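Presented below is the structure to which this report refers.
Protein chains in written order, with the numbering used here: chain R, 1071 to 1164; chain Y, 9 to 336.
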């Protein structure tokens, strides 16, 4: 997974906050709001901390006592959705 | 979960989702009905105090940060504060008269602050009406030029208009002007007393006929555009978000439950916003009042209230609010 899992960052026009256990994402340019459930909010928060998907899977597995294999599939799918929606982008290589 | 449900969670859970900062009461216009108490004074918050406030608000999960005034761009460190707020990921709104937002400053606003929306006050559809209100010659033509420049740059702009006796005859023309410029126009039907209780602005309150007419127009648009004046109370555990999902800070660090509820809950020169938010007896009392009001209104209207009203304005105005709210 790591070969296709670079670190991501929130796109420049994204504003994000966690409200209680839910997440809210505003795409400023589009003026669109996305509301995320607890796990989705946690994934975005961890992406915002700079974790790559493998690190996120490890953290979620510990926090939610979930199966890492299942989590890896779900996180990869969710990350792909976030990328497609313009919420996250790959960190530029330095 | 929907956005509305999330907002309800903020209101019911006392999460300060939206914060309004009155950065300064300085202004380059002199609007007749301005509600600011410009005789009020104190020690302005420093840049360092604002930076600390922003960090605290981020921790408290504040998402919306509105820079207001006065004219917020008249604050000497507006761009420093705006850039800091942007870096901390706030959704920034700027309430401005637009008078200084020419090409250069508008570009700086976009590049350095990147606001979600710039809310600009429009007082009429003609120079005579707009400038009667602003009391500054040439402000109308300059505003139209600046609006075009802001749009050309890609700033998201919204017009805010308050219906008054002076502009009620231009209601349709103001709507048409906004439409011509492809800008949303948000109406406010109510002029408020100044924050020091001065009721002089009410001298130019719109006529009941004009208010009724505007109500009709907005009612026709319900569904395509919304205005808080016509919205029924949301299904929250509290009647409004005053002191529950939002607060207001004046230039001297006084913290209020909302922009209308001018009872200080604390001062940022003496304590941080988290302490005020969690411990202020004023905020706790406001939350109790708005919870009780939600229950009362729900019971008296069988849960079918048609319109929303501002408890703080009712209390400040007629005194009838005290029957519902008690005194804090």
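Quick reminder that beta carbons are idealized off the backbone N, C-alpha and C, glycines included. What you are looking at is a predicted structure, and each value in this text was computed from that prediction instead of being measured.
Output the boundary residues of the alpha helix (DSSP H) element that contains residue i.
i: residue 285 of chain Y; result: 281-287
i: residue 219 of chain Y; result: 216-229
i: residue 116 of chain Y; result: 111-116
i: residue 1117 of chain R; result: 1108-1118
i: residue 142 of chain Y; result: 135-142
i: residue 1139 of chain R; result: 1138-1154
i: residue 90 of chain Y; result: 86-95
i: residue 188 of chain Y; result: 179-188
i: residue 150 of chain Y; result: 147-161
i: residue 30 of chain Y; result: Counting along the chain, residue 30 of chain Y falls outside any alpha helix (DSSP H), though it belongs to the beta strand (DSSP E) covering 26-30.
When the Cα atoms are used, what is the spatial distance from residue i to residue j?
i: residue 139 of chain Y; j: residue 108 of chain Y; result: 15 Å
i: residue 52 of chain Y; j: residue 62 of chain Y; result: 16 Å
i: residue 201 of chain Y; j: residue 210 of chain Y; result: 6 Å
i: residue 1080 of chain R; j: residue 1157 of chain R; result: 6 Å
i: residue 130 of chain Y; j: residue 296 of chain Y; result: 37 Å
i: residue 133 of chain Y; j: residue 153 of chain Y; result: 14 Å
i: residue 1108 of chain R; j: residue 1142 of chain R; result: 17 Å
i: residue 1155 of chain R; j: residue 21 of chain Y; result: 29 Å
i: residue 93 of chain Y; j: residue 183 of chain Y; result: 33 Å
i: residue 124 of chain Y; j: residue 1106 of chain R; result: 20 Å
i: residue 1151 of chain R; j: residue 1139 of chain R; result: 19 Å
i: residue 237 of chain Y; j: residue 268 of chain Y; result: Because residue 237 of chain Y carries a pLDDT of 48, less than 50, the predicted location of this residue cannot be relied on, and no value is offered for it.
i: residue 1086 of chain R; j: residue 25 of chain Y; result: 12 Å
i: residue 1100 of chain R; j: residue 161 of chain Y; result: 16 Å
i: residue 87 of chain Y; j: residue 121 of chain Y; result: 7 Å
i: residue 46 of chain Y; j: residue 1117 of chain R; result: 46 Å
i: residue 309 of chain Y; j: residue 229 of chain Y; result: 24 Å
i: residue 291 of chain Y; j: residue 1146 of chain R; result: 44 Å
i: residue 286 of chain Y; j: residue 1130 of chain R; result: 30 Å
i: residue 244 of chain Y; j: residue 1090 of chain R; result: 16 Å
i: residue 1103 of chain R; j: residue 289 of chain Y; result: 34 Å
i: residue 57 of chain Y; j: residue 1083 of chain R; result: 26 Å
i: residue 190 of chain Y; j: residue 113 of chain Y; result: 22 Å
i: residue 328 of chain Y; j: residue 303 of chain Y; result: Confidence at residue 328 of chain Y is low in this model, with a pLDDT of 47, below 50, so its placement is unreliable and no value can be given for it.
i: residue 118 of chain Y; j: residue 1161 of chain R; result: 23 Å
i: residue 251 of chain Y; j: residue 110 of chain Y; result: 36 Å
i: residue 1096 of chain R; j: residue 181 of chain Y; result: 33 Å
i: residue 6 of chain Y; j: residue 1137 of chain R; result: Because chain Y here runs from 9 to 336, residue 6 of chain Y falls outside it and cannot be looked at.
i: residue 320 of chain Y; j: residue 248 of chain Y; result: 10 Å
i: residue 1120 of chain R; j: residue 91 of chain Y; result: 22 Å
i: residue 1113 of chain R; j: residue 31 of chain Y; result: 35 Å
i: residue 126 of chain Y; j: residue 216 of chain Y; result: 30 Å
i: residue 148 of chain Y; j: residue 323 of chain Y; result: 35 Å
i: residue 50 of chain Y; j: residue 280 of chain Y; result: 17 Å
i: residue 95 of chain Y; j: residue 265 of chain Y; result: 26 Å
i: residue 135 of chain Y; j: residue 41 of chain Y; result: 17 Å
i: residue 282 of chain Y; j: residue 174 of chain Y; result: 43 Å
Considering residue i, what are the terminal residues of the beta strand (DSSP E) in which it resides?
i: residue 10 of chain Y; result: Here residue 10 of chain Y belongs to no beta strand (DSSP E), and DSSP marks it neither H nor E.
i: residue 43 of chain Y; result: First-last for residue 43 of chain Y: undefined, no H or E at that position.
i: residue 58 of chain Y; result: First-last for residue 58 of chain Y: 55-67, but that is the alpha helix (DSSP H), not the beta strand (DSSP E).
i: residue 337 of chain Y; result: Limits of chain Y in this structure are 9 at one end and 336 at the other, which puts residue 337 of chain Y out of reach.
i: residue 170 of chain Y; result: 165-170
i: residue 76 of chain Y; result: 72-76
i: residue 249 of chain Y; result: Per DSSP, residue 249 of chain Y belongs to no beta strand (DSSP E) and is neither H nor E.
i: residue 1078 of chain R; result: 1078-1080
i: residue 257 of chain Y; result: 254-257
i: residue 193 of chain Y; result: 193-196
i: residue 1093 of chain R; result: 1092-1097
i: residue 79 of chain Y; result: Neither: residue 79 of chain Y is in no beta strand (DSSP E) and is coded neither H nor E.
Roughly how far, in whole angstroms, is the beta-carbon of residue i from the beta-carbon of residue j, given that I think they are within contact range, below 8 Å?
i: residue 33 of chain Y; j: residue 97 of chain Y; result: 28 Å between Cβ atoms; not a contact.
i: residue 1127 of chain R; j: residue 1078 of chain R; result: That belief does not hold up - the Cβ atoms of residue 1127 of chain R and residue 1078 of chain R are roughly 14 Å apart, past 8 Å.
i: residue 263 of chain Y; j: residue 284 of chain Y; result: 5 Å
i: residue 178 of chain Y; j: residue 142 of chain Y; result: Contact flag wrong, Cβ pair sits at about 14 Å.
i: residue 171 of chain Y; j: residue 214 of chain Y; result: 4 Å
i: residue 1041 of chain R; j: residue 1115 of chain R; result: Here chain R covers residues 1071 to 1164 and nothing more, so residue 1041 of chain R does not appear.
i: residue 193 of chain Y; j: residue 220 of chain Y; result: 19 Å between Cβ atoms; not a contact.
i: residue 151 of chain Y; j: residue 224 of chain Y; result: 28 Å between Cβ atoms; not a contact.
i: residue 255 of chain Y; j: residue 27 of chain Y; result: 6 Å
i: residue 212 of chain Y; j: residue 167 of chain Y; result: With a Cβ gap of about 19 Å, residue 212 of chain Y and residue 167 of chain Y do not count as contacting.
i: residue 218 of chain Y; j: residue 176 of chain Y; result: 4 Å
Run through chain A and tell me which residues come within less than 8 Å of residue i, C-beta to C-beta.
i: residue 317 of chain Y; result: Here the protein chains are R and Y, and chain A is not one of them.
Below 8 Å between beta carbons is the criterion; list the residues of the region 94-120 of chain Y that meet it against any residue of chain R, in chain order. 97, 98, 99
Report yes or no: do the region 68-87 of chain Y and the region 100-120 of chain Y share at least 3 C-beta pairs separated by less than 8 Å? These segments touch.
What residues from the region 14-34 of chain Y come within 9 Å of chain R, judged by C-beta to C-beta, listed N to C? Along the region 14-34 of chain Y, the positions whose C-beta sits under 9 Å from a C-beta of chain R are 14, 15, 17, 18, 21, 23, 25, read in chain order.
Which residues, in order along the region 57-91 of chain Y, keep a beta-carbon less than 7 Å from a beta-carbon of chain R? Listed by position, the residues of the region 57-91 of chain Y near chain R (Cβ gap below 7 Å) are 69, 71.
Where the region 1073-1097 of chain R meets chain Y: residues whose CB sits under 7 Å from a CB there: 1085, 1086, 1087, 1088, 1089, 1090, 1092, 1094, 1096
Counting Cβ pairs closer than 8 Å, one from the region 189-199 of chain Y and one from the region 24-40 of chain Y, do we hit at least three? In this structure the region 189-199 of chain Y does not lie against the region 24-40 of chain Y, because fewer than three pairs of beta carbons, one per stretch, are closer than 8 Å.
With 8 Å as the C-beta to C-beta threshold (strictly closer), list the residues of the region 1101-1114 of chain R near chain Y in chain order. 1101, 1103, 1105, 1107
Looking at chain R, which residues of the region 243-269 of chain Y have a Cβ within less than 8 Å of any of its Cβ atoms? none
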